[in-house]
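Written out below as structure tokens is the structure these notes cover.
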Amino acid sequence: MNIFVVGDIHAQRNKFWHILQEAGLVDLENRATERLLDPDSKLILLGDIVHAKSRERYAKIIDEQRFDEFSPSHLVRAERFQERFLAEIKEFYDSLEPGKLTILMGNHDYNAIYPEQGPLRTDDIAHLEWKDITNRRIDADIREWMLSWPHELVVDDIHFAHVGPLKEHNIYDNDFYLKNRRRWIYEDKDFIADTPYRLGVYGHTPVRGGVNIASQGKAILLDTNGNASEYAYLKIVTEEGRYHLKMRGLFFDEFIQR
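Each residue of the sequence shown is one higher than the one before, counting from -6 in this note's numbering.
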């Protein structure tokens, strides 16, 4: 099986479609190609589709020199841009057979569809979309679709999730932030050993160069974020007795035993 994995997008619409085009999964009209439609191919997005990760990116989204997250007019324009992007992805998702594309729930996606949860913050910017300032909410059809996104997925003994290998890593309640549930990546421990999985692939954590290794070599941390010209995606070929992992844009070509 060929599994294509894309990390956190964070409202980078052009980068998202460019990645899929470069991987040969969509054509120039963003329609699925034979490579993706092949019964042995799957596409997995690791979550965090929404919320641009810097003030500069928000400004680009709304075509202003500077973004003010406390300005209702700026926020509405940022919301509408992301709503259009979500609608594009949903249209693409609906064009595929069930199970071909899986979008995992990220903590930013969860925050966007649960307005009662307080706003998130990244460095110099607060993510105030779909909160009380504008009193707008994500379209009901889009929200219902987002609510269907799973928190984890297992394919050929590989565990995919937004944050980490344990169930509590991917529960976005208040403790998620108070306990900083991504701290597991810094521990010298094989978190996969006590699970039914052979390998884990996760997003959420910014990593230099687009990829890092955790859990004593059993977990791949994938980061699609970065500058507009910086991106990476992972291709996993499941073979008899091993996984073949290749990363676009990096000298990362590894075999891992199953």
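Glycine is no exception: its CB is placed at the ideal position from the N, C-alpha and C atoms.
C-alpha gap between residue i and residue j, whole angstroms
i: residue 14; j: residue 143; result: 25 Å
i: residue 94; j: residue 35; result: 6 Å
i: residue 112; j: residue 233; result: 46 Å
i: residue 100; j: residue 165; result: 6 Å
i: residue 252; j: residue -3; result: Since the first residue shown for the chain is -6 and the last is 251, residue 252 is missing from the structure and cannot be characterised.
i: residue 78; j: residue 230; result: 29 Å
i: residue 33; j: residue 27; result: 11 Å
i: residue 225; j: residue 198; result: 14 Å
i: residue 1; j: residue 47; result: 14 Å
i: residue 92; j: residue 109; result: 31 Å
i: residue 136; j: residue -1; result: 21 Å
i: residue 30; j: residue 141; result: 22 Å
i: residue 235; j: residue 96; result: 25 Å
i: residue 71; j: residue 217; result: 21 Å
i: residue 240; j: residue 69; result: 36 Å
i: residue 64; j: residue 247; result: 47 Å
i: residue 9; j: residue 184; result: 30 Å
i: residue 215; j: residue 56; result: 29 Å
Helix, strand or coil at residue i according to DSSP, with G and I counted as helix
i: residue 47; result: coil
i: residue 74; result: helix
i: residue 135; result: helix
i: residue 18; result: coil
i: residue 66; result: helix
i: residue 225; result: coil
i: residue 29; result: helix
i: residue 124; result: coil
i: residue 55; result: helix
i: residue 35; result: strand
i: residue 237; result: strand
i: residue 90; result: coil
i: residue 23; result: coil
i: residue -3; result: strand
i: residue 81; result: helix
i: residue 118; result: strand
i: residue 60; result: coil
i: residue 246; result: strand
i: residue 42; result: coil
Neighbour-count burial assignment, residue i, 16 or more Cβ in a 10 Å radius
i: residue 182; result: exposed
i: residue 59; result: exposed
i: residue 179; result: exposed
i: residue 62; result: buried
i: residue 107; result: exposed
i: residue 250; result: exposed
i: residue 186; result: exposed
i: residue 50; result: buried
i: residue 4; result: buried
i: residue 168; result: exposed
i: residue 133; result: exposed
i: residue 7; result: exposed
i: residue 121; result: buried
i: residue 227; result: buried
i: residue 238; result: buried
Check: residue i C-beta below 6 Å from any heavy atom of the ligand ATP
i: residue -3; result: Among the components modelled here there is no ligand, and therefore nothing to report on the ligand ATP.
Closer than 7 Å to chain C by CB, residue i
i: residue 78; result: No chain C appears in this structure, which consists of one protein chain only.
Taking contact to mean at least 3 C-beta pairs separated by less than 8 Å, is the stretch 188 to 196 in contact with the stretch 150 to 158?
yes
- prompt: Which parts of the stretch 135 to 214 are runs of the alpha helix (DSSP H), unbroken and 4 residues or longer, counting only runs that do not cross its ends?
  reply: 167 to 171
- [ ] Determine contact between the stretch 116 to 123 and the stretch 158 to 176, defined as no fewer than three beta-carbon pairs at a distance below 8 Å.
- [x] no
- Segment contact flag, the stretch 153 to 162 with the stretch 74 to 89, C-beta cutoff 8 Å, min 3 pairs: no
* Asked: Are at least three pairs of beta-carbons, each pair with one atom in the stretch 209 to 218 and one in the stretch 125 to 132, less than 8 Å apart?
  -> no
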